[in-house]
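Numbering-wise, the numbering used here comes out as the position in the sequence shown, counting from 1, plus 11. Even glycine gets a Cβ: it sits at the ideal position worked out from N, Cα and C. Each remark here refers to the structure printed beneath this line.
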Amino acid sequence: MSDSAQENFNVKQVIALTAIVTIICTVLALHYYGYLNHVSPQDGLTIEDFRLVTSGDGEVLRSQPSDYAAECVDGLLVVHGTRHNALSGVLLDGNNRMLGCDREQTLPSAPLPE
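Structure below.
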């Protein structure tokens, strides 16, 4: 090979190696600063079980508020943890179907037990 062909080949190798090293360094920097989120199987596990209590069940309810709050977001009932700011999820029924909601429709409030 001539010197110019060898030099041209070396330049291509250097450019390719520089691109690969740049991509690796970028991914490592994003991971270090927390911009990459890795999903683990534990992220989708059940955090808390909820049950439906009707007003005629005669169950004793505690007046202390729960550690969770629910709100209607884009037509779905989303539950947020009040102690852990990052903890939130969609409420599912027994068949793993998402519970829907309507912001404009409100239910009458049931009286609290004494």
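If you look at C83, you'll find it in the beta strand (DSSP E) that goes 79 to 84. In its chain, beyond the 5 residues on either side, A81, L102, L110, C112 have a beta carbon closer than 6 Å to the beta carbon of L88. DSSP places G100 in the uninterrupted beta strand (DSSP E) bounded by 99 to 101. For a cut-off of 8 Å, the C-beta gap from D78 to T93 is around 5 Å, short enough to register as a contact. Counting only the Cα atoms, S99 lies some 17 Å from P76.
Across the structure, T37 and K23 are spaced so that their CA atoms are roughly 21 Å apart. Apart from sequence neighbours up to five positions away, the residues of its chain that approach E59 with a beta-carbon distance below 7 Å are Y79, ordered along the chain. Excluding five sequence positions before and after V32, none of the CB atoms of its chain fall closer than 6 Å to its own CB.
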